[in-house]
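Asks: Mind having a look at this structure? Questions to follow.
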Amino acid sequence: MKSIRIRGILTIICVIGFALSTQAQHTHEEEYQDDENIINVSSLNKTFHSLDVSDIQDGIDGDFYSGSSFGLRNLLYSAYPVLQPLRFNRVDGLFLGIENERMNYNKKDFLGIESIDLHGMIGYSVGQQNWQYAAGLEAALDDDKNILIGGELHNSTSTNDYWRLGRTENSITALSAGHDYYDYFNVEGYGAYVLIKAGNVMELGASYNADIYSSLDISSQYSVFGDAKNYRPNPAIDQDFDEINQESVTLGLTLNPGQSIKNSLFSSTLSVKAEIANLPSSVNDFLYNKYVAETKLQLKLNSSSIVQWRMLGSSITGDAPDFKKLALGGIGTMRATGYKHFTGNQMLLSNLEIEFGKSSNSNKHNWADLKHTSLSLFIDSGWTQSNSNLFTADSSPFDGFERFSFSNLSHNAGIGLGYEMVRFEVATPIAGAEGATTFWVRFNPTF
1 MKSIRIRGIL TIICVIGFAL STQAQHTHEE EYQDDENIIN VSSLNKTFHS
51 LDVSDIQDGI DGDFYSGSSF GLRNLLYSAY PVLQPLRFNR VDGLFLGIEN
101 ERMNYNKKDF LGIESIDLHG MIGYSVGQQN WQYAAGLEAA LDDDKNILIG
151 GELHNSTSTN DYWRLGRTEN SITALSAGHD YYDYFNVEGY GAYVLIKAGN
201 VMELGASYNA DIYSSLDISS QYSVFGDAKN YRPNPAIDQD FDEINQESVT
251 LGLTLNPGQS IKNSLFSSTL SVKAEIANLP SSVNDFLYNK YVAETKLQLK
301 LNSSSIVQWR MLGSSITGDA PDFKKLALGG IGTMRATGYK HFTGNQMLLS
351 NLEIEFGKSS NSNKHNWADL KHTSLSLFID SGWTQSNSNL FTADSSPFDG
401 FERFSFSNLS HNAGIGLGYE MVRFEVATPI AGAEGATTFW VRFNPTF
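Residues 1 to 447 in the working numbering are what the sequence shown spells out, letter by letter.
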């Protein structure tokens, strides 16, 4: 009984710590361009000049994923290590560190030198028994701080799965129940980038990276309430390689990056990213290009309900290592299908949700309030294929999609009940590949 109490106290401390770490990432005052005037967040809520989708619903990782200038809205961020400085997972065990975020448009004043900022992270992995770090410099090239250039050295654990569920959420599920939904690798190297922001309308950027990726083994199977058997093996970065040298160029473009709602009925955002690793003059072990396009739509049905729809498509041309390949299934994608059940070099994903909440007059366009009690109906649809026509890196990423048919999709459907940042969901397969009725406890929206 004493052991259970100690474990429970440890869980509470870590959950609070993770939440504080997440909140600390959004301490700067973010600016928005609204017609002729620049206003800050504190005045934004008072004057109702605009509304972000993150103001409608809540999540424990909301500041990173939709409420900051450096989260998923920034497609270059994932070209660098993405894990937070306070975390728990099956590879690092407990990781304790401190961090000053990169790609921050607003904070630019180092030692009184305007337009210059240092960023970085340093921390210790109890499981791997090593120190990990990132160190970089960033400069704003214009007075409005809309053009950034920066560079970074790093040696840290990272993942490609941060888009499936929140970073803090994954640490909580790993620590409490032994369910770690990320796959990990170590990345050591450097990069340089440029970012350009045109108000709330558009953001584009480019990054050059030279990295050594290496496989990582499990170092911890600890969980407070779960079984050690819940932990999956951490897959190697490739079946034939445990270390990969890779140079790449990442290009990204996002329209309406803040998902700002300027229309009383409709909002949308579109992101396109290309990871170019087909660099013949490089020392790359793999030559490939990876393309991803994603759009998110929000439609107001009435003052208490909305439709949300995410559509994502991706292609890989050439020979990519296993950890870069596409996979669908499980949390954050198809909720009644096995984790990463579908794999291939082409992928389509659709997540459609109808959300019912309560009316709100606290924002300009009277969109529904989903931050309290809410009910959702959803359908997840997905498709992957291994297209042999894409095995050469100079192939067209669109080759093969013309043969796609809606009958190829597999579908899951379900219902969810949310209260503040906690969501309970039940999903079941209704067509296509085999699956199982699955119950989820979530701390973030699916997208």
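Glycine is no exception: its CB is placed at the ideal position from the N, C-alpha and C atoms.
Going by Cα to Cα distance, which pick from Gln298, Gly205 and Leu83 is closest to His154?
Replies: Closest option to His154, Cα to Cα, is Leu83.
Asks: Alpha carbon to alpha carbon, how far is Tyr208 from Tyr193? Give it in angstroms, no decimals.
Replies: Looking at the two C-alpha atoms, the distance is approximately 6 Å.
Asks: Along the chain, where does the beta strand (DSSP E) that runs through Leu175 open and close?
Replies: Element bounds for Leu175: not the beta strand (DSSP E) but the alpha helix (DSSP H), Arg167 to Ala177.
Asks: Please classify Asp63: does DSSP put it in a helix, a strand, or coil?
Replies: Helix at Asp63.
Asks: Can you tell me which of Asp369, Tyr339 and Ala427 puts its alpha carbon nearest to the alpha carbon of His179?
Replies: Answer by Cα proximity: Tyr339.
Asks: Given this structure, state the Cα-to-Cα distance separating Ile38 from Gly120, to the nearest angstrom.
Replies: The predicted position of Ile38 is uncertain, since its pLDDT is 36 and thus under 50; no value can be drawn from it.
Asks: Would you check if the stretch 163-179 and the stretch 102-116 touch, i.e. whether three or more CB-CB distances between them fall below 8 Å?
Replies: Contact between the stretch 102-116 and the stretch 163-179 is absent, because fewer than three Cβ pairs lie under 8 Å.
Asks: Expressed to the nearest angstrom, what Euclidean distance is found between the alpha-carbon atoms of Asn284 and Gly199?
Replies: Approximately 37 Å between the Cα atoms of the pair.
Asks: Quick one: what's got a C-beta closer than 6 Å to Ala336's C-beta in the same chain, skipping five residues either side?
Replies: Hits under 6 Å: Asn412, Ala427, Thr428, Pro429, Gly435 and Thr438.
Asks: Per DSSP, which one or two residues make a beta bridge with Phe398?
Replies: DSSP, once it has assigned bridges, lists no residue as partnering Phe398.
Asks: So the candidates are Val307, Arg232, Glu275 and Ile98; which of them puts its Cα closest to the Cα of Gly357?
Replies: Minimum Cα distance to Gly357 is reached at Val307.
Asks: Which word fits Leu141, buried or exposed, when buried means at least 16 other C-beta atoms lie within 10 angstroms of its C-beta?
Replies: Looking at its Cβ environment, which holds fewer than 16 other Cβ atoms inside 10 Å, Leu141 is exposed.
Asks: Give the DSSP-derived three-state secondary structure of Asn74 in the structure shown.
Replies: Residue state, collapsed to three classes: coil.
Asks: Would a C-beta distance cut-off of 9 Å place Ser450 and Glu247 closer than the cut-off?
Replies: Outside the shown range of the chain, which is 1 to 447, sits residue 450, and nothing can be said about it.
Asks: Cβ of Tyr448 within 9 Å of Cβ of Ile316?
Replies: What is shown of the chain runs 1 to 447, which leaves residue 448 out entirely.
Asks: Fully enclosed by the stretch 261-331, which alpha helix (DSSP H) runs are 4 residues long or longer?
Replies: For the stretch 261-331, not a single whole alpha helix (DSSP H) run of length 4 or above is found.
Asks: Using 8 Å for Cβ pairs, my map puts Asp117 next to Glu138. What's the rounded Cβ distance?
Replies: Right, their Cβ atoms sit about 5 Å apart.
Asks: Would you say Asn444 and Tyr65 are within 9 Å of each other, going by their C-beta atoms?
Replies: Against a cut-off of 9 Å, the Cβ pair of Tyr65 and Asn444 comes out as a contact.
Asks: Compute the Euclidean distance between the alpha carbons of Arg310 and Leu348, then round it to the nearest angstrom.
Replies: The straight-line gap from Cα to Cα measures roughly 11 Å.
Asks: In whole angstroms, give me the CA-to-CA distance for Ala135 and Asp394.
Replies: Distance between the alpha carbons of Ala135 and Asp394: 34 Å.
Asks: Mapping the DSSP letters down to three states, classify Asn351 as helix, strand or coil.
Replies: It is a strand residue.
Asks: List the endpoints of the continuous beta strand (DSSP E) containing Arg403.
Replies: Arg403 -> no beta strand (DSSP E), and no H or E assigned at all.
Asks: Please classify Ile113 as buried or exposed, where buried requires at least 16 other C-beta atoms within 10 Å of its C-beta.
Replies: It is exposed - the Cβ of Ile113 has fewer than 16 other Cβ atoms within 10 Å.
Asks: What are the start and end residues of each continuous beta strand (DSSP E) run of 3 or more residues lying completely inside the stretch 92-144, in chain order?
Replies: Correct list: 93-100, 116-125 and 130-140.
Asks: May I ask you to report which of helix, strand or coil DSSP gives Lys197?
Replies: It is a strand residue.
Asks: DSSP three-state label for Ser388, please.
Replies: Note: Ser388 maps to helix in three-state DSSP.
Asks: Are the CB atoms of Gly97 and Tyr124 nearer to each other than 9 Å?
Replies: In this structure, Tyr124 lies closer than 9 Å to Gly97 by Cβ.
Asks: In the structure shown, what three-state DSSP assignment does Lys371 receive?
Replies: In the structure shown, Lys371 sits in coil (DSSP, three-state: anything other than H, G, I, E or B).
Asks: Under a Cβ-count criterion, where at least 16 other Cβ atoms within 10 Å of its own Cβ denotes burial, should Trp131 be classed as buried or exposed?
Replies: Under this definition Trp131 is an exposed residue.
Asks: Taking DSSP's pairing of strands, which residues face Arg87 in a bridge?
Replies: Paired residues: Phe95.
Asks: Looking at the structure shown, is Ala79 part of a helix, part of a strand, or coil, going by DSSP?
Replies: If DSSP states are grouped into helix, strand and coil, Ala79 belongs with the helices.
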